[in-house]
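Worksheet for the structure shown next.
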Amino acid sequence: MQTKRLLIFILLTVGVTTLSAQETARERIERRQSTVQQQATGTNVRIEQQNRRSEESIQNAKWSRIIYRYLDLTKEANAPLYYPVTPVDGRISLFTMLFNLLQEETIPAYEYLDGREEFTEEYRVNFQELLDRFGIYYETSDGKIVVNDVDIPGNEVEGYFVKEAYYFDTGNSSFRVRPLAICPVLQRRDDYGATTRYPLFWIPYEEIVPYARRIPVMGSSLNNSMSGSIDDFFRMRKYNGEIYKAQNPRNLAISQYTSTPEEMKAEQARLEQELIDFEKNLWKQENHSVVPQQQKVNRRSKRRSPATSSGTASISMRDRRY
Numbered sequence: 117m118q119t120k121r122l123l124i125f126i127l128l129t130v131g132v133t134t135l136s137a138q139e140t141a142r143e144r145i146e147r148r149q150s151t152v153q154q155q156a157t158g159t160n161v162r163i164e165q166q167n168r169r170s171e172e173s174i175q176n177a178k179w180s181r182i183i184y185r186y187l188d189l190t191k192e193a194n195a196p197l198y199y200p201v202t203p204v205d206g207r208i209s210l211f212t213m214l215f216n217l218l219q220e221e222t223i224p225a226y227e228y229l230d231g232r233e234e235f236t237e238e239y240r241v242n243f244q245e246l247l248d249r250f251g252i253y254y255e256t257s258d259g260k261i262v263v264n265d266v267d268i269p270g271n272e273v274e275g276y277f278v279k280e281a282y283y284f285d286t287g288n289s290s291f292r293v294r295p296l297a298i299c300p301v302l303q304r305r306d307d308y309g310a311t312t313r314y315p316l317f318w319i320p321y322e323e324i325v326p327y328a329r330r331i332p333v334m335g336s337s338l339n340n341s342m343s344g345s346i347d348d349f350f351r352m353r354k355y356n357g358e359i360y361k362a363q364n365p366r367n368l369a370i371s372q373y374t375s376t377p378e379e380m381k382a383e384q385a386r387l388e389q390e391l392i393d394f395e396k397n398l399w400k401q402e403n404h405s406v407v408p409q410q411q412k413v414n415r416r417s418k419r420r421s422p423a424t425s426s427g428t429a430s431i432s433m434r435d436r437r438y
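The opening position of the sequence shown corresponds to residue 117 in my numbering, with each subsequent residue numbered one higher.
This is how it looks when you write it as structure tokens:
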């Protein structure tokens, strides 16, 4: 009888210990998930705050210019955005990242409208309609749309439209360039070899920042290190793109007010030079505002400083700063 009681006691003790261990493990997992969620929330809050500050900086800027560029992914400088065409060893291209985020309904995309961008719910892209419109194969499973990696048309996305803001940040007294939105451009060839561009959708750049920071890109064909991310690639403006539009009262693209390819090239060059000249003049103005003060301080220091035995004026540490 005592042996039976002892056996029951042991079984109950083991059961309680196991249950306690299971509960502890469950609590540990929940705590870990809560920590990750809090970190993600904190990151999103910081990004939102940064975005808000950037938007306010552009709105309050004394000078700003909105520029639209076309990035040709067949050019070497832009190749890091194109490859790998299909995921390899955990690496994915920019379009694959965007496509997966849209499929998971993680980020919004907005209809490409000729001549303007409307980032409102009215123009939000319906993912299934997008697939049907461009003939992208998909399956449905448990009511969800599933597109296999091999069916994502990354090989056909050979370009991007990029909307940029050039502005003078009065808060930091600095010249800045910030990407505002991107639009993948699908290129398809007909039976006669003619190519047609199909802009797919606009995505506000800040929507993809948390994800673009996690995707590494290869520097170039000469530098295979994966030291940077897609976000670094855009923030540091490592891409090479032609201007196709500068924001103007009539909302015209360059092709709409030039009549020949030569005129279009000349206008693109003029706009590029305008941006370069503004930045150069900005630094010249700052230098000119400092030079007279330098000369005035130096003249005072010469009058005040006694001559040394060699006949040269001694220079204080304060004077050395100028």
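By construction, the Cβ of each residue, glycine as well, lies at the ideal position given by its N, Cα and C atoms. This structure is a prediction, so every number in the text was calculated from the model and none was measured.
With 16 other Cβ atoms within 10 Å as the buried cut-off, status of residue i
i, result
"V377", "One point to set straight first is that residue 377 is Pro, not Val, in the sequence displayed. Label assigned to P377: exposed."
"P365", "exposed"
"G231", "exposed"
"F250", "exposed"
"Y308", "exposed"
"I346", "buried"
"Q389", "exposed"
"I261", "exposed"
"W318", "buried"
"I268", "buried"
"L229", "exposed"
"A362", "buried"
"L316", "buried"
"G259", "exposed"
"Y283", "buried"
"Y198", "buried"
"L338", "exposed"
"A382", "exposed"
Same chain, Cβ closer than 6 Å to residue i, five either side skipped, listed in chain order
i, result
"G270", "V201, S209, F211, T212"
"F243", "L218"
"Y239", "Y226, E227"
"T222", "none"
"L247", "Y254"
"L387", "I359, A362"
"I177", "Note that residue 177 is Ala in the sequence shown here, rather than Ile. Excluding positions up to five away in sequence, the list reads Y283, F284."
"E233", "W318"
Same chain only: Cβ atoms within 8 Å of residue i, ignoring 5 sequence neighbours per side
i, result
"L296", "I182, K279, E280, A281, P320, Y321"
"T236", "Y226"
"A310", "none"
"D265", "T202, P203, T212"
"Q303", "E272, V273, E274, G275, T311, T312, R313, Y314"
"L391", "R181, I183, Y282"
"E358", "R185, Y186, D188, Q384"
"E323", "I223, P224"
"R351", "P295"
"T252", "Note that residue 252 is Ile in the sequence shown, not Thr. Counting only Cβ-Cβ distances below 8 Å, and skipping sequence neighbours, we find L246, V263, D267, I268, P269."
"D306", "T312"
"V301", "Y186, V273, E274, G275, Y276, F277, R313, Y314, P315, L316"
"N241", "According to the sequence shown, residue 241 is Val rather than Asn. Excluding positions up to five away in sequence, the list reads L218, P224, A225, Y226, E227, F317."
7 Å Cβ shell around residue i - same chain, five flanking residues per side excluded
i, result
"M380", "I370, S371, T374"
"F291", "F284, E395, L398"
"N356", "K191, A193, N194"
"Q175", "none"
Residue(s) in a DSSP beta bridge with residue i
i, result
"N362", "Note that residue 362 is Ala in the sequence shown here, rather than Asn. A362 pairs with I183."
"R240", "Y226"
"R232", "L229"
Heavy atom of the ligand COA within 7 Å of residue i beta-carbon
i, result
"L247", "Summarising the ligand content, the structure contains no ligands, and the ligand COA is consequently not present."
* Spell out a yes or no on whether the region 328 to 336 and the region 199 to 213 are touching, meaning 3 or more CB-CB pairs, one atom from each, closer than 8 Å. => Contact holds: three or more Cβ-Cβ distances are below 8 Å.
* Can you list the beta strand (DSSP E) stretches of 3 or more residues lying completely in the region 280 to 357, in chain order? -> As far as the region 280 to 357 is concerned, its whole beta strand (DSSP E) runs of at least 3 residues are 290 to 305, 311 to 315, 317 to 320.
* Asked: Between the region 188 to 200 and the region 259 to 277, are three or more C-beta pairs nearer than 8 Å?
  -> They touch, by the three-pair rule.
* **Entirely enclosed beta strand (DSSP E) segments - the region 246 to 278, minimum 3 residues** => DSSP runs (the beta strand (DSSP E)) wholly in the region 246 to 278: 255 to 257, 260 to 262.
* Runs of alpha helix (DSSP H) lying entirely within the region 181 to 227, each at least 4 residues, in chain order -> Runs of the alpha helix (DSSP H) inside the region 181 to 227: 210 to 219.
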